[in-house]
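Position 11 (the sequence shown) corresponds to 11 in UniProt numbering; numbering is contiguous. The beta carbon of each residue, even a glycine, is placed where N, CA and C say it ideally should be.
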Amino acid sequence: MTPKALARLLGETADLMEVLGEGGFRVNAYRKAARALERYEGELSELLAAGFDTLPGIGKGLAAALAEIVASGEFGYLEELRGQVPPGVVELFMVQGLGPKRVRALWQAGIDSLEELVRAAEEGRIAAMPGFGKKSEQALLEAARFALANLRRVHLSTGLEAARLLLADLEAAGVYAALAGSLRRRLETAGNVDLVARAAPEAVLSALGEHAQEVRGNVVHGRLEGLPLRVFCAGAREFGTVLLRATGSEAWVRALGELPPAASEAEVFAALGRVPAPPTWREPEHLGLAPPARTVERADLLGMVHLHTAYSDGAASLRAMAEAAIAEGYRYMVVTDHSQTAAYAGGLTPADLERQWAEIDALNAELAPFRILKGIESDILPDGSLDYPDEVLARFEVVLGSLHAHLTLAPERQTERLLRALENPYLTVLAHPTGRLLLRRRGAEADWERVLARAAELGKIVEINANPWRLDLDWRRALAYREALTFSIGPDAHAPEGYADVTYGLWMAQKAGLPPERVANTWPVERWLERRF
């Protein structure tokens with residue numbers, strides 16, 4: 001169990017309570033607690049020791065209930081709620097655009113699974129329901145098909161955390177095991193968990209406990225966080241070969257030819273006369289490409305780019321975000337609160353900007369040589385313009401432009417929208433370019449070759465958003481433009497704990513083969529200032 005897993009349980013509880021007709025204080029309490037746990041980046045053991053009610057938004061009663069859930073491994077109230085709805089109703093929440101009220105309406109109309117939702121939309125039954133319509137039916141159909149295709153997958157962050165805890169349990173039981181599969185290659189989402197153990201299948205079966213199901217040959221099968229679990233068992237002399245094969249990708253390993261038995265992956269590569277490739281460089285897209293001599297690492301990063309404060313929808317003050325960046329060893333940060341159109345996220349009016357800029361000036365004087373750059377995450381409006389008049393944009397030191405709305409424009413219109421934004425002399429960074437949310441919604445469709453080529457021509461920076469729900473720009477596109485574009489790695493942090501997400505962005509940059517000089521976070525602050533307009 002992890003804090004984020006607890007957050008998901010509380011969120012599901014609140015959703016089901018509303019579906020079943022309950023509202024008010026209790027639902028809000030569960031939602032507040034879920035948000036607090038989602039933001040928490042520490043260990044569950046630390047939270048248990050301090051008490052769940054040390055987190056904002058969690059009262060003593062719910063804190064006691066959470067402690068009981070962790071102790072027992074059971075959440076009786078949630079199981080009770082699940083028992084009152086068909087299993088497929090919970091899956092409907094995966095569909096972009098469906099909240100508790102709409103899920104309740106669909107269920108009452110006999111639509112109680114993703115498959116049934118797709119069928120109903122294809123038959124035109126959704127449009128006839130109150131509160132829907134033809135346009136929303138088409139949008140739901142596309143979103144439901146997307147959700148159905150991703151139903152049995154989890155985010156990289158979720159899979160890694162589950163695997164980390166299981167590996168610790170195996171170690172405690174005296175079984176050495178290593179991560180393999182797509183999680184080791186750091187793919188954005190995972191459909192299974194693969195490990196390699198230096199132990200006999202019987203020992204692994206015993207150590208896995210409730211996660212184990214059966215042994216087939218030298219592979220122990222089971223379930224972990226709802227995902228298929230495979231533990232490949234190997235002796236010490238062939239451990240490296242089994243690990244390499246289990247890590248994949250299948251196409252990349254096949255291209256190596258016959259693998260000799262070896263205790264380590266390094267020995268396998270040496271026997272084959274190959275340059276060792278890190279796990280992040282083992283996808284079909286990497287076939288025929290030599291592993292890069294050097295890719296960007298955490299130690300190369302000088303600046304934190306793309307973060308939010310309590311001025312908009314962040315959870316911490318400007319000072320707290322700056323002090324956390326200093327503690328992490330950064331030399332500067334680019335504060336990028338939301339622009340005025342994003343009223344839902346506390347977007348900053350010109351008057352708000354004046355207040356923030358005054359505080360930045362004061363903090364820069366106090367915290368020198370650390371520097372806070374005056375930035376903004378400006379919405380790219382439907383016509384491609386940015387969110388403030390030129391006289392305001394000219395006063396920023398860095399301007400991020402992002403798509404937050406109108407993601408479903410026709411590809412031709414979306415392309416023109418993005419191109420117009422890139423032509424704006426005040427735009428510095430194209431942030432989370434597609435606006436995708438992994439496993440939740442597709443990103444904007446556009447002629448991305450044209451957009452990225454123009455960004456390169458204009459010298460614009462393109463962000464790899466490091467939030468594990470985004471990881472946008474896709475690493476495959478970054479790989480294609482690794483010699484033409486400059487990228488930034490942005491955690492999109494809304495609290496100091498969010499800085500840790502930089503790790504996910506670094507993995508995507510490594511999959512794209514980006515050297516430090518292609519990542520703007522490695523620049524000294526003066527280089528950012530030199531690029532102003």
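Buried or exposed, going by whether 16 or more other CB atoms sit within 10 Å of the CB of K460? Taking the sequence shown and counting its residues from 1, the one referred to as residue 460 is at position 460. Buried, by the Cβ-count rule.
Please state whether the Cβ-Cβ distance between A180 and D194 is less than 8 Å. Locating residue 180 in the sequence shown gives position 180, counting from the first residue. Locating residue 194 in the sequence shown gives position 194, counting from the first residue. For A180 and D194, yes; Cβs fall inside 8 Å.
Going straight from the alpha carbon of H286 to that of V253, what length do you get? For the purposes of this step, residue 286 is identified with residue 286 of the sequence shown, where counting begins at 1. For the purposes of this step, residue 253 is identified with residue 253 of the sequence shown, where counting begins at 1. H286 and V253: Cα-Cα distance of roughly 11 Å.
Would you call the segment 137-156 and the segment 97-114 touching, i.e. three or more CB-CB distances under 8 Å? yes
The segment 503-513 contacting the segment 307-325, beta-carbon criterion three pairs below 8 Å: no
Would you kindly check if the distance between the Cβ of L183 and the Cβ of A177 is under 8 Å? Looking up residue 177 in the sequence shown gives position 177. Looking up residue 183 in the sequence shown gives position 183. Cβ atoms of A177 and L183: not closer than 8 Å.
At a cut of 8 Å, does the segment 351-365 reach the segment 415-435 through at least three beta carbon pairs? no
Restricting to Cα atoms, I'd like to know which of A14, L20 and L6 is closest to Y40. What you label residue 40 is simply residue 40 of the sequence shown in a count that begins at 1. The shortest Cα separation from Y40 among A14, L20 and L6 belongs to L6.
Please classify Y30: is it buried, with 16 or more other beta-carbons within 10 angstroms of its beta-carbon, or exposed? Against the sequence shown, residue 30 aligns to sequence position 30. The residue is buried, with at least 16 neighbouring Cβ atoms inside 10 Å.
Rounding to the nearest angstrom, what Cα-Cα distance links A255 and S378 in this structure? The residue you call residue 255 lines up with position 255 of the sequence shown. The residue you call residue 378 lines up with position 378 of the sequence shown. Cα-Cα distance, rounded: 45 Å.
By DSSP's criteria, I372 is part of a beta bridge. Which residues make up the other side? What you label residue 372 is simply residue 372 of the sequence shown in a count that begins at 1. Answer is M333.
From the DSSP output, in three-state form, read off T54 for me. In the sequence shown, the residue the question calls residue 54 occupies position 54. Correct three-state label for T54: helix.
Can you tell me which of L92, P56, R298 and I360 puts its alpha carbon nearest to the alpha carbon of G490? Residue numbering aside, residue 490 sits at position 490 when the sequence shown is read from its first letter. The candidate whose alpha carbon is nearest that of G490 is R298.
Does DSSP classify E210 as helix, strand or coil? By one-based count along the sequence shown, residue 210 stands at place 210. E210: helix per DSSP, three-state reduction.
If you compare alpha carbons, which of A147, G51 and V334 is closest to N364? Mapped onto the sequence shown, residue 364 falls at position 364. Nearest C-alpha to N364: V334.
Check whether the Cβ atoms of G21 and A36 lie closer than 8 Å to each other. As a first step, residue 21 is located in the sequence shown; it is residue number 21 there, counting from the start. As a first step, residue 36 is located in the sequence shown; it is residue number 36 there, counting from the start. No. Outside cutoff.
Look at the alpha carbon of G131 and the alpha carbon of G124, and state the distance between them as a whole number of angstroms. Here residue 131 corresponds to residue number 131 of the sequence shown, with the count starting at 1. Here residue 124 corresponds to residue number 124 of the sequence shown, with the count starting at 1. About 14 Å.
Please report whether the beta-carbon of G24 lies at a distance below 8 Å from any beta-carbon of chain C. Given the protein chain composition of this structure (a single chain), no chain C is represented.
I'd like the ranges of any alpha helix (DSSP H) spanning at least 4 consecutive residues and lying wholly in the segment 65-129. 76-82, 87-91, 100-108 and 114-122
Would P369 be called buried (16 or more neighbouring beta carbons within 10 Å of its own) or exposed? Start at 1 with the first residue of the sequence shown, and residue 369 comes out as number 369. Flag for P369 reads exposed.
Presumed contact (8 Å Cβ cut-off) between N465 and D472, rounded CB distance: Within the sequence shown, residue 465 is the residue found at index 465, counting from 1. Within the sequence shown, residue 472 is the residue found at index 472, counting from 1. About 5 Å; that satisfies the 8 Å criterion.
Inter-residue spacing [alpha-carbon to alpha-carbon] between P87 and M1: Here residue 87 refers to the residue found at position 87 of the sequence shown. Here residue 1 refers to the residue found at position 1 of the sequence shown. Using only the alpha carbons, I get a separation of about 22 Å.
Can you find at least 3 beta carbon pairs, one from the segment 339-348 and one from the segment 380-387, that sit closer than 8 Å? yes
Between G226 and L373, what straight-line distance do the alpha-carbon atoms span, to the nearest angstrom? On the sequence shown, residue 226 is found 226 positions in, with the first residue counted as 1. On the sequence shown, residue 373 is found 373 positions in, with the first residue counted as 1. For G226 and L373, the distance between alpha carbons rounds to 43 Å.
Where does the unbroken beta strand (DSSP E) through R223 begin, and where does it stop? Taking the first residue of the sequence shown as 1, we reach residue 223 at position 223. R223 -> beta strand (DSSP E) spans V219 to L224.
Chain-order list of residues whose beta-carbon lies under 7 Å from that of L9 (same chain, five-residue window excluded): As a first step, residue 9 is located in the sequence shown; it is residue number 9 there, counting from the start. Around L9: F75 and L78.
Counting C-beta neighbours from all protein chains within 10 Å, is the total for P496 16 or more, i.e. buried, or is it exposed? Translated into the one-based positions of the sequence shown, residue 496 becomes position 496. By the 10 Å Cβ count, P496 comes out buried.
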